[in-house]
Every structure is written in structure tokens, then in C-alpha cells.
Amino acid sequence: MSREQAPAGLVIAVDGPAASGKGTLARRLSAHYGLPYLDTGLLYRMVARAMLDAGHDIRDPDAAASLVSIFEESAFAEDTLRGREIGEAASVVAAMPAVRSGLIARQRQFAAQAGGAVLDGRDIGTVICPQAQAKLFVTATPEVRAARRHKELAGRGETATFEGILADIRRRDARDSGRSDAPLKAADDAVILDTSALTVEEAAAAAIAIVERRRTAR
Numbered sequence: 007m008s009r010e011q012a013p014a015g016l017v018i019a020v021d022g023p024a025a026s027g028k029g030t031l032a033r034r035l036s037a038h039y040g041l042p043y044l045d046t047g048l049l050y051r052m053v054a055r056a057m058l059d060a061g062h063d064i065r066d067p068d069a070a071a072s073l074v075s076i077f078e079e080s081a082f083a084e085d086t087l088r089g090r091e092i093g094e095a096a097s098v099v100a101a102m103p104a105v106r107s108g109l110i111a112r113q114r115q116f117a118a119q120a121g122g123a124v125l126d127g128r129d130i131g132t133v134i135c136p137q138a139q140a141k142l143f144v145t146a147t148p149e150v151r152a153a154r155r156h157k158e159l160a161g162r163g164e165t166a167t168f169e170g171i172l173a174d175i176r177r178r179d180a181r182d183s184g185r186s187d188a189p190l191k192a193a194d195d196a197v198i199l200d201t202s203a204l205t206v207e208e209a210a211a212a213a214i215a216i217v218e219r220r221r222t223a224r
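Going letter by letter, the sequence shown gives residues 7 to 224 in our numbering.
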């Protein structure tokens, strides 16, 4: 894939559920267009990590609200933000309106960089960057996503069953889609990209094609 110069202010919003492939595609788009990339899910994982490290109940919205504006992104090693437990905890705090509102400014500041940016998450196209030039909603069947996550966890030496991971994914989907504040959903002008039957290269090519069509249309 050849790298292409991004036009001024190109913002690409990549949304989707857990293990859909949105992070991989967002990184590919970032490399292709030479744009900075933000995995917004890591911000929620940082809040969850800070909660757990401080001994707070992960479901305590007041504790989360007290931490969301003061945590330093540089204070967390990325390997402490990965794994099944922290992913589940992040999904819990992400449903809290105070956490979401507290992180909006950080995400919008990143997107406002002069040359543009690529952001992935669950509400980029609907809440964080509703004016993004290109919006993708990346999805895959729960079974495919569970298989991907199972392989990822096994590669890191974590023990988890496929059935347990599938149950986690369905639970997170229900929580993310059902929350009252910025629920997980495709923006009205987003292009749906189902990666269930695609290789990484095929999905990346499809994602670039989507962005190019949006750029041409505008």
C-alpha cells in the first residue's frame, strides 16, 4: 500500500464494536495518509486502570468523575491497558456520562490538528467528530470477533475460553448500544464495513476505497 499525502484537515472517524477490526484499520489509514492516530478506547481504559489502581469500585460514577479530568496519559504503560479484565472495566466506565463528557475535549483537541487525524472508538462519527470528512462503521459477527479476541489473548498467554469471550462481547455490545449517553451506533452518513469474511489486507483496501470515495464526493 503506498502512502498518500493527506489533504488539509482530513479527519477520519472509525467506529465499531470490540474486536471488529476498527483499530487495525484505523492504524492502516493513519499510515496510508500520514495522519496522527488516536485509539480513544485507551482513554477509557486509562480511567478504568486508574480506578482499579486506586481501589475504587469500577461502578462508582463519583470516583470515575473525580479521576477523569486529572489522569495523565503518559502515566500508563500500554501493556497495563490490555487484556480481558481491563476491557470489561473500560466498557463499564464508558457508560458513565461524566466520564464521556470529561474525555470529549481531549478527543476533539486531537482531531483538531491542522493536518487532520484518524480516531477510532464507538462514538467518533456521532459525537466527537460529527463533521468528519470520512466515517466508517466497522463490524463483524459476534462469533468472528470472539475468535479474533481469543487468538489475541492466547498470543499474550492469557487463559480464556471462546464461550466466555463470546459472552463478554455480547454483554459489552448490549451495554454499549443500550447506554443513554452516546450509544454505539453508526452515524447516518457512515459507511458500514463488515470485516467478517475479509483478510486484513482486503479490509484495509476496502477502508481506503471508502475514504477515497468520500474525498472525491466532497
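Quick reminder that beta carbons are idealized off the backbone N, C-alpha and C, glycines included. All values derive from a computational prediction rather than experimental measurement.
Counted as a single uninterrupted DSSP element, the beta strand (DSSP E) harbouring Phe-143 occupies residues 140-145. According to DSSP, residue pairing for Ala-123 in a beta bridge involves Val-17. The C-beta separation of Asp-126 from Ala-188 comes to about 15 angstroms, leaving the pair out of contact by the 8 angstroms criterion. Here Ala-196 is near Phe-143, since their CB atoms are less than 8 angstroms apart. Of all alpha-carbon atoms in Tyr-43, Ser-202 and Val-206, the one lying nearest the alpha-carbon of Gln-115 is that of Tyr-43.
Per the C-alpha coordinates, the member of Glu-207, Ile-198, Gln-113 and Arg-178 positioned closest to Ala-25 is Arg-178. Residues Arg-55 of the same chain have their beta carbon placed closer than 7 angstroms to that of Thr-86, with the five preceding and five following residues left out of the count. Under the three-state reduction of DSSP output, Ile-198 falls in the strand class. Ala-70 has its alpha-carbon roughly 27 angstroms from the corresponding atom of Glu-164. By the Cβ test, the stretch 206-221 is in contact with the stretch 29-45, since at least three Cβ pairs between them sit closer than 8 angstroms.
Taking C-alpha positions only, Gly-121 is separated from Thr-167 by approximately 43 angstroms. Separation of Gly-27 and Ile-76 (C-alpha to C-alpha, rounded to the nearest whole angstrom) is 30 angstroms. Rounded to whole angstroms, the gap between the alpha carbons of Ala-223 and Asp-68 is 45 angstroms. For Leu-109, the uninterrupted alpha helix (DSSP H) segment begins and ends at 103-117.
According to the DSSP secondary-structure assignment, Tyr-43 is paired through a beta bridge with Val-124. Shown here, Arg-185 sits in coil according to DSSP, grouped into three states, outside any helix or strand. Spanning the alpha carbons of Ala-96 and Tyr-50 requires a straight line of approximately 5 angstroms. Remark: C-beta atoms of Gly-108 and Ala-193 do not approach each other more closely than 8 angstroms.
Pairing Leu-190 with Met-102, the inter-Cα distance amounts to about 13 angstroms.
Counting other Cβ atoms within 10 Å of its Cβ, Ala-138 reaches 16 or more and is therefore classed as buried.
Secondary structure note for Ser-80: it is in no alpha helix (DSSP H), with a DSSP letter that is neither H nor E. The alpha carbon of Phe-82 has as its nearest neighbour, out of Arg-65, Ala-111 and Leu-58, the alpha carbon of Leu-58.
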